[in-house]
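See the structure below:
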């Protein structure tokens, strides 16, 4: 019988010399996540190390082993040739990096600083060291699981699905406990995008459902069942997001057709049931979870909130009911979110302060000040402000920021404020506290204010919308809508760069034009590669028959896109190399790779950027940390192929021709998905418990 199996589409993407950098010079978070995930997958870590070199350390007559551990040498050797082939029924994607030793060492330092790895033998160590074993943290395991999920890598073991890449075994272990909070980032600058309403949602998650008072006698934090972690689909990717105060709950009973049945089948292969027994994290420890400790990693679950001090005494016999140090806040942000840089955590903490959600305590021994420069310190204490208490979900009704005790007498002011509020807490609302009070409800929406445009334009509302879509098992509709928007922006930039090259060539003399032509061509090739990579990701993940998250779109439209992608002249049929020299870092799969010789570790003491207020509307416009608003209008993109005069231009013409075909087709996909979201998902969202719970509507 003839073999009727259709060949899989393979994308051998361009090679780049560098990794993308943000404006401050740091590597894009998405690249750190990708390289780290590939490293963990390729290391093939085992719970019981196979050899002394890979999982044990010899101390004389002792031989200490740590599960899922690896050495610095093994990591550097593995990163020299990172390669992963991801197979699906329709596509084959190869992701590969070749990283030189000096860059690999720098990346390991970044992984350590980002709380992705730690040293199990010395949990207070903050930098990797040769001959000291490393181990993924709960945050690191969550990053790897997200990568596997987004790229369609099966959660089941390799033996259960022969021929397909499987998630590493650490995903199915007690190390997998963190429901990580993922931020939205700009695909252009790599900076975090936020709105005031989104900051409010994050702050609610930061405080937890109830006060998380630390005590050495506390039992270990309860961790989610493995069923819950493996069923979770909580990445919010506008560049991804998720879970939090409104986190998803595990499916209780019943089988949802299609995807849920696959989950059940996978779980049967893995040999566990929905009634998984309670687990205990290997990271639980009364000392290392102490907010005053120097432990490199302190949190292994995120839903409990930041660890607080209760009834803490300050100068003048002042007792504060609940407070936390800036170091504790910074630790939670680094351990429980996908922030990779200490400066980003400091910036987020500053946003809590900027929007009046926290107040510094300025009485000794607290070293907090009323200045707007915040640093992580064990002695800099803060409390939730009145506004912070108002938006958190703690039970017990109205809370007061402080309890000020003079001996046995507790004195309070009217309006629920403490007597010495001005002396104890610095006013960060400047001179317009009354005006700020009038704005305190500016982010409180009612249902009549919410439109589909509001939801899609605000990061906070998109976050809630995606949580609802997760419940409905159709989050891919929002994901692909955001991906296509990203593709449109990049196409617009590509057109602008090409127009700029054309204008420069016409304005200058022929000699000058030759001098500026080559750099412009390199930039064009870079953007072409980014657009091609993103187009491939959209096609392979959402449009191709048998794709991981195949969309329910018009069959005719699907066929047109497939014909364009698989056409004989498509650049996906042949290698399209960059016009640079041979390079050391190969980047196939991720659509946006370029820039970065090394990985600087950003200091937490970097100046906090000036962040301008958005318009005084009920939902603020999205903003990006460390960057001004980047709003790109998407006009009709009309990129025509140029005349081929060199091999490079010939290859460029193939790519531009494909992009020229795909742009209107993807735009049509976006239109269909937009109508689907507006007509079907949005009305259900307005009635959902997710939204009503966030708005406090019964």
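In UniProt numbering, the protein residues as written are 1 to 698.
Ideal placement from N, C-alpha and C gives every residue a C-beta, glycine not left out.
Ranked by Cα distance from residue 102, the options 75, 121, 34 and 680 are led by 75. In the displayed model, residue 459 falls within a helix according to three-state DSSP. For residue 689, the enclosing alpha helix (DSSP H) has its first and last residue at 689 to 695. If you check the CB distance, residue 166 and residue 154 come in under 7 angstroms. Residue 347: member of the alpha helix (DSSP H) spanning 342 to 354, first to last residue.
Remark: C-beta atoms of residue 223 and residue 295 do not approach each other more closely than 7 angstroms. Nearest in C-alpha terms to residue 533, of all of 458, 546 and 662, is 662. The residues 314, 315, 316, 318 and 424, in chain order, have a CB closer than 7 angstroms to that of residue 363 in the same chain once the five nearest residues on each side in sequence are set aside. In the DSSP assignment, residue 309 falls within the beta strand (DSSP E) that extends over 307 to 314. Apart from the 5 residues on each side of it in sequence, residue 28 sits with its Cβ closer than 6 angstroms to the Cβ of 20 and 190 in its chain, given in chain order. Taken atom to atom, the span from the alpha-carbon of residue 78 to that of residue 34 is near 14 angstroms. Taking a C-beta distance under 7 angstroms as the contact criterion, residue 70 and residue 43 qualify as a contact pair. Rounded to whole angstroms, the separation of the alpha carbons of residue 139 and residue 116 is 6 angstroms.
Spanning the alpha carbons of residue 366 and residue 386 requires a straight line of approximately 20 angstroms. Considering only 674, 694 and 548, the residue with the shortest C-alpha distance to residue 86 is 548.
Taking one beta carbon from each stretch, the segment 468 to 476 and the segment 213 to 229 have fewer than 3 pairs nearer than 8 angstroms; the two do not touch. Contact between residue 523 and residue 484 is ruled out by a C-beta separation of about 23 angstroms, above the 8 angstroms threshold.
Counting along the chain, the unbroken beta strand (DSSP E) around residue 86 starts and ends at 82 to 87. The beta carbon of residue 114 lies closer than 6 angstroms to those of 340 in the same chain, with the five residues before and after it left out.
DSSP places residue 66 in the coil class of the three-state scheme, outside both helix and strand. Under DSSP, residue 382 forms a beta bridge with 324 and 360. Taking a contact as a CB-CB distance under 8 angstroms, the pair residue 356 and residue 206 does not count as one, their CB atoms being some 15 angstroms apart.
Below 8 angstroms, enough C-beta pairs join the segment 183 to 200 and the segment 333 to 352 to call them touching: three or more. Remark: C-beta atoms of residue 45 and residue 68 approach each other more closely than 7 angstroms. Look at residue 92 here: in three-state DSSP terms it is strand.
A Cβ-Cβ separation of about 5 angstroms places residue 331 in contact with residue 298 under the 8 angstroms criterion.
For residue 291, there is no enclosing alpha helix (DSSP H), as DSSP marks it with neither H nor E. Distances from the alpha-carbon of residue 219 to those of 460, 279, 185 and 123 put 279 closest. The beta carbon of residue 380 is closer than 8 angstroms to those of 325, 326, 327, 360, 366, 367, 368 and 374 in its chain, skipping five residues each way along the sequence. Taking a C-beta distance under 7 angstroms as the contact criterion, residue 336 and residue 293 do not qualify as a contact pair. Only residues of its own chain outside the window of five on either side were considered, and among them 246, 464, 467, 468 and 471 have a CB closer than 8 angstroms to the CB of residue 690, listed in chain order. CA-CA distance, residue 358 to residue 693, rounds to 23 angstroms. In the displayed model, residue 567 falls within coil according to three-state DSSP, outside both helix and strand. By the Cβ-count criterion, residue 654 is buried, with 16 or more other Cβ atoms from all chains shown falling within 10 Å of its own Cβ.
Only buried fits residue 118, as 16 or more other CB atoms lie within 10 angstroms of its CB. A Cβ-Cβ separation of about 6 angstroms places residue 481 in contact with residue 674 under the 8 angstroms criterion.
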